Amino acid sequence: MAKPKPPVEKNETIELTFEDLTHEGDGVGKVNGYPLFVPYGLPGEKALVKVIKVKKNFGFGKLLEVQESSPERVEPPCDVFYQCGGCQLQHMSYDMQLEMKQKQVKDAMRKIGHLEHVPVHPVKGMKDPWRYRNKVSMPVGERDGRLVAGFYQKRSHNIIDMDTCVVQEESNDRMVEAVRRIAERHGIRAYDEKNNRGVLRHIMVRTGKNTQDVMVVLVTRTKNLPNQEELIDEIRDAYPSVKSIVQNVNYKRTNVILGPETNVLWGEEYIYDTIGDIKFAISAKSFYQINPTQTKTLYDQALEYAALTGSEQVIDAYCGIGTISLFLAQQAKKVYGVEVVPEAVADAKENAKLNRIDNAEFYVGQAEKIMPWWKSQGLAPDVIVVDPPRKGCDEALLQSMLDMQPERIVYVSCNPSTLARDLRVLEDGGYETKEIQPVDMFPQTSHVEAVTWLEKKK
């Protein structure tokens with residue numbers, strides 16, 4: 001029997017009414033039950049759409065013209081929003097962004113975790129959802145004999161030459177532009193990834209949001225940096241607030257931004273920032289949350305769910321540079337942090353010293369291997385906090401958590417799908433998911449973080 005043909009054909013232009021959004025923020029409309037996914041469409045809108053790809057069960061379209069506009073549609077303040085791949089949601093109101101993200105978490109709980117009963121609270125957003133990123137890393141290229149710096153176009157390695165990015169700290173924007181101009185003046189060539197030639201690959205700027213410390217990182221293919229002294233002097237003259245100028249050498253043909261060798265060209269190896277009462281040292285390669293304002297919101301929520309009284313032993317799996325661990329240590333008896341990246345653990349230990357916190361210990365290793373060893377040594381945690389990468393927790397780690405039987409688990413997640421999958425495992429292992437609080441760490445993008453509180457079933 002012949003398979004039914006999709007009701008639309010490639011390159012056909014149709015009228016479409018959008019009913020929903022995907023978790024990435026694309027509009028969803030249906031033609032005789034056949035879904036079409038169209039970037040920049042909003043629910044309730046009628047639009048003219050060109051069909052650009054047809055698959056068996058769904059297709060993709062391009063928005064040609066909005067005929068009836070949603071009241072939630074707004075004019076993106078960014079000139080290159082429709083070309084750049086950095087943000088996905090600037091065309092929708094901030095209230096709609098937050099509702100979309102709450103729905104994203106709810107849908108994952110229902111469809112993947114089968115957790116219909118769990119309350120998912122409204123997303124905690126920002127008062128001002130712009131200019132929040134404290135770190136920018138822009139690839140550098142050449143066009144018509146001059147240097148350009150900007151983000152990549154969607155699904156390509158074409159650099160969009162841009163003067164400003166409305167989600168970056170404003171001073172970082174200006175700094176990248178100044179460094180680009182100075183490098184161009186000194187004849188420094190951009191890296192050519194096709195031929196593996198040239199010098200300057202990326203310009204990175206990091207700012208301490210609450211200290212206004214600034215670090216400039218020049219990522220180069222070669223160790224030799226032409227006119228290095230003049231370059232440093234001109235950067236310092238242009239921006240006296242710079243505390244640190246660093247060169248990172250990445251000679252590999254790779255999409256990874258930073259290479260293995262880092263040299264301080266001028267100033268300090270670290271800049272500093274604070275989140276709440278905790279001070280952090282940040283190096284060129286440190287992992288540090290890019291939105292400190294919302295990081296405090298996220299960690300305050302994790303602390304609230306941990307419900308510490310001062311007598312608890314706490315494990316922080318995937319502890320990174322100790323950000324959550326040090327927050328927890330202020331209210332716990334003892335915190336044990338574990339992280340697979342040795343440099344991050346070194347940073348965590350330094351940050352504990354910096355804050356005179358002596359009830360937090362940090363270990364290098366895989367949490368799923370270290371935790372069974374801790375258990376064999378008699379460590380019985382009251383609370384376990386996990387903050388894994390997007391792929392979620394390793395199965396062996398989930399089993400280690402279940403074996404240790406803490407009273408409470410706090411799960412911080414940057415991916416609702418893997419969160420829902422892991423919560424299902426923990427529920428089946430004897431824990432009850434009490435509630436979930438999403439937090440908007442990355443306004444104007446489709447990403448959402450969530451903090452989950454689990455209790456051991458009595």
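The numbering of the sequence shown is our numbering, which starts it at 1 and goes up by one. Idealized CB from N, CA, C, for every residue including glycine. All values reported here derive from a predicted model rather than from experimental measurement.
- [ ] Per DSSP, which residues does VAL118 bridge with? Please list them.
- [x] Residue pairing for VAL118: DSSP places it in no beta bridge.
- [ ] Please specify which runs of the alpha helix (DSSP H), each continuous and at least 4 residues long, are wholly inside the region 146 to 202, giving them in chain order.
- [x] Runs found: 170 to 185.
TODO: Note down the Cα distance separating ILE315 from ALA352, rounded to an integer number of angstroms.
DONE: Their backbone Cα atoms lie some 15 Å apart in a straight line.
- [ ] Sort LEU48, VAL118, LYS46, PRO129 by Cα distance to THR433 and report the nearest one.
- [x] Out of LEU48, VAL118, LYS46, PRO129, the CA that lies nearest to the CA of THR433 is found in VAL118.
TODO: Using three-state DSSP, classify ARG253 as helix, strand or coil.
DONE: Here ARG253 sits in coil by DSSP.
Open item on the list: Suppose the cutoff is 8 Å on Cβ atoms and the five residues either side in sequence are ignored; what does the same chain contact list for LEU398 look like?
Closed with: Excluding sequence neighbours, LEU398 sits near ASP422, VAL425, LEU426, GLY429.
Task: PRO139, DSSP secondary structure in three states - done: PRO139: strand per DSSP, three-state reduction.
Task: Closest residue to THR220 among MET175, VAL242, ARG197, VAL123 (Cα-Cα distance) - done: Taking each of MET175, VAL242, ARG197, VAL123 in turn and checking the Cα distance to THR220, the smallest one comes out for ARG197.
TODO: Can you grab the Cα-Cα spacing for the pair GLN444 / VAL167, in whole Å?
DONE: Computed Cα separation, rounded: 8 Å.
Task: Rounded straight-line distance, which links the Cα of GLY125 to that of THR297 - done: Answer to the nearest angstrom: the Cα atoms are 9 Å apart.
TODO: Using alpha carbons as the reference points, say which of LEU16, VAL249, TYR152, GLY337 lies closest to GLU261.
DONE: The residue from LEU16, VAL249, TYR152, GLY337 with its alpha-carbon nearest to that of GLU261 is VAL249.
Task: The beta strand (DSSP E) enclosing ALA317, as first and last residue numbers - done: Boundaries of the beta strand (DSSP E) harbouring ALA317: 313 to 317, taken from the DSSP string.
Task: Own chain residues within Cβ distance below 7 Å of SER69, not counting five before or after - done: So the qualifying residues of the chain are GLU45.
Task: Neighbourhood of PRO139 by C-beta, 6 Å cutoff - its chain only, sequence neighbours within 5 removed - done: Cβ neighbours of PRO139 beyond the five flanking positions: ILE159, HIS202.
Open item on the list: To test your reading of the DSSP string, which unbroken beta strand (DSSP E) runs of 3 or more residues are found completely within the region 266 to 341?
Closed with: Complete beta strand (DSSP E) runs here, min 3: 271 to 275, 278 to 282, 313 to 317, 334 to 339.
Open item on the list: Let me confirm a value: SER286 is counted as buried when at least 16 other C-beta atoms fall within 10 Å, else exposed. Which label applies?
Closed with: SER286 should be labelled buried.
Open item on the list: Quick check on DSSP: helix, strand or coil for TRP130?
Closed with: It is coil, neither helix nor strand.
Open item on the list: Does PRO389 pass the burial test, meaning 16 or more other C-beta atoms within 10 Å, or should it be called exposed?
Closed with: Here PRO389 is exposed. Its C-beta has fewer than 16 other C-beta atoms within 10 Å.
TODO: Express the C-alpha separation of ALA348 and PHE327 in angstroms, rounding to a whole number.
DONE: Between PHE327 and ALA348, the C-alpha separation is close to 12 Å.
Open item on the list: Taking only three categories from DSSP, how would you classify ASP20?
Closed with: In this structure, ASP20 counts as strand in the three-state DSSP scheme.
Open item on the list: Please state whether the Cβ-Cβ distance between PHE362 and SER311 is less than 9 Å.
Closed with: The answer is no: Cβ separation not under 9 Å.
TODO: Can you say whether GLN212 is buried or exposed, counting buried as having 16 or more other CB atoms within 10 angstroms of its CB?
DONE: Exposed is the label assigned to GLN212, since fewer than 16 other Cβ atoms lie within 10 Å of its Cβ.
- [ ] Tell me whether SER244 sits in a helix, a strand or coil according to DSSP, three-state version.
- [x] Residue state, collapsed to three classes: strand.
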